[in-house]
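K.L.:
First, the structure itself, so that you have it in front of you.
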Amino acid sequence: MEQKKKVLIVEDEKNIVDILRFNLQREGYDTLEAYDGAAGLELALQENPDLVLLDVMLPKMIGFDVCQELRAKGSSVPVIILTAREEEADKVLGLEIGADDYITKPFSMRELMARVKANIRRTGMQPGAGSTMDAGGGLLVNTDTYQVTKGGKVIDLTQREYELLAFLASHPGKVYSRIDLMEQVWNYGYVGDDVRTVDVTVRRLREKIEDNPASPAYILTRRGVGYYFSAD
Ligand code: CA
């Protein structure tokens with residue numbers, strides 16, 4: 004029997020936790036709950052959940068700090084930030100510090116469940132179906148182990164960064180619009196302002212894999228169209 008996926012809810016509003024727990028369990032997920040940031044961080048590190056739903060305004064430690072600390076400790080668990088405001092700055096900050104996704108409160112349960120599913124699905128994608136892609140310049144993408152190395156050194160990527168890199172690298176030279184990438188990498192069946200997410204993730208990825216992020220050699224921009232992986 005397939006093991007249930009485990010979702011950690013970090014949220015201080017009890018009624019929201021109750022609704023999330025109810026719906027997640029109904030969809031077949033196990034749930035863990037934390038009501039402040041410090042407890043959330045501890046649970047995320049100890050219990051190794053498959054996904055974290057992370058509120059921003061939390062007692063003891065705000066959600067952004069929790070996410071940043073998780074990444075600093077090497078966790079690549081998918082994180083969806085629950086932001087109370089429709090503020091662009093909040094969204095971008097969340098992605099900058101390593102969150103995979105965000106959703107604005109009040110959210111529809113249907114949309115939230117779709118995001119949870121899309122973000123967890125990436126984790127278990129095609130085990131054993133891949134091998135090592137040589138992206139040139141010493142950059143290797145191992146699609147069996149999901150490990151990326153450059154010059155023999157392991158590069159820490161979030162799952163989303165990894166998926167984006169692996170997707171682009173497996174189609175060198177082909178230009179993808181941000182909408183294409185939202186659909187292919189983020190598994191979203193709709194788009195909107197969210198295409199900014201693609202730009203932020205590309206920027207973060209470049210900072211990690213490029214010798215000179217300002218003049219990238221791997222992930223290139225086709226102005227007005229989108230992004231592509233160098234075919235050289
Ligand atoms: Ca809160």
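So the sequence shown is residues 4 to 235, counted in the numbering used here. Glycine included, each C-beta is placed from N, C-alpha and C at the ideal position. Quick caveat: nothing in here was measured; it's all calculated off a predicted structure.
(1) Go ahead and label E164 buried or exposed: buried means 16 or more other beta carbons lie within 10 angstroms of its beta carbon, across all protein chains shown.
(2) When every heavy atom of ligand 1 is checked, does at least one fall within less than 7 Å of the C-beta of D68?
(3) Near E1, what residues of its chain come up, given a Cβ to Cβ distance below 8 Å and the 5 sequence neighbours on each side ignored?
(4) Nearest-angstrom Cα distance between W189 and E210?
(5) Taking DSSP's pairing of strands, which residues face M136 in a bridge?
(6) Mind checking whether the beta-carbon of M60 lies closer than 7 Å to any heavy atom of ligand 1?
(7) From this set, G77, D104, A217, E30, which residue's C-alpha is nearest T200's C-alpha?
(8) Roughly how many whole angstroms lie between the Cα atoms of Y230 and A75?
(9) Between P81 and the rest of its own chain, which residues show a CB-CB distance below 6 Å, the 5 nearest in sequence each way excluded?
(10) Does R113 pass the burial test, meaning 16 or more other C-beta atoms within 10 Å, or should it be called exposed?
(11) What residues are listed by DSSP as bridge partners for L57?
(12) In whole angstroms, give me the CA-to-CA distance for Q129 and P109.
(13) By the three-class DSSP mapping on this structure, what secondary structure does L228 have?
(14) Quick check on the DSSP output: the beta strand (DSSP E) that includes I158 runs from which residue to which?
(15) Against chain D, does G176 count as a neighbour if the rule is that its beta carbon must be under 8 Å from one of theirs?
(16) Is E16 near ligand 1, with its Cβ less than 7 Å from a heavy atom?
(17) What is the residue span of the alpha helix (DSSP H) that A37 lies within?
(18) Go through its chain and collect everything with a Cβ distance to R118's Cβ below 7 Å, but skip five positions before and after it.
(19) Nearest CA to the CA of G14: which residue from G43, L98, R29?
(20) Determine whether the beta carbon atoms of D39 and L61 lie at a separation below 8 Å.
(21) Per DSSP, which one or two residues make a beta bridge with K153?
P.N.:
Quick look at the numbers:
(1) buried
(2) no
(3) Shown here, the chain extends from 4 to 235; a query on residue 1 therefore has no answer.
(4) Using only the alpha carbons, I get a separation of about 20 Å.
(5) In the DSSP output, where bridge partners are listed per residue, M136 has V144.
(6) yes
(7) D104
(8) As the crow flies, the alpha-carbon of Y230 is around 28 Å from that of A75.
(9) Cβ neighbours of P81 beyond the five flanking positions: L54, D103, N122, Q162.
(10) exposed
(11) V13, I84
(12) At Q129, the pLDDT of 42 sits below 50, so the modelled position is not reliable and the matter cannot be decided from this model.
(13) It should be noted that the sequence gives Val, not Leu, for residue 228. DSSP places V228 in coil when its eight states are reduced to three.
(14) 156-158
(15) The displayed structure is made up of one protein chain only, and chain D is not part of it.
(16) Yes, Cβ of E16 sits closer than 7 Å to a heavy atom of ligand 1.
(17) Counting along the chain, A37 falls outside any alpha helix (DSSP H), though it belongs to the beta strand (DSSP E) covering 33-37.
(18) A distance below 7 Å between beta-carbons, with the five flanking residues on each side excluded, links R118 to the following residues of its chain, in chain order: I83, D104, I106.
(19) In the sequence as displayed, the identity of residue 14 is Glu instead of Gly. Here the closest residue by C-alpha is G43.
(20) Yes, Cβ-Cβ distance for D39 and L61 is below 8 Å.
(21) Its beta-bridge partners are L142, K156.
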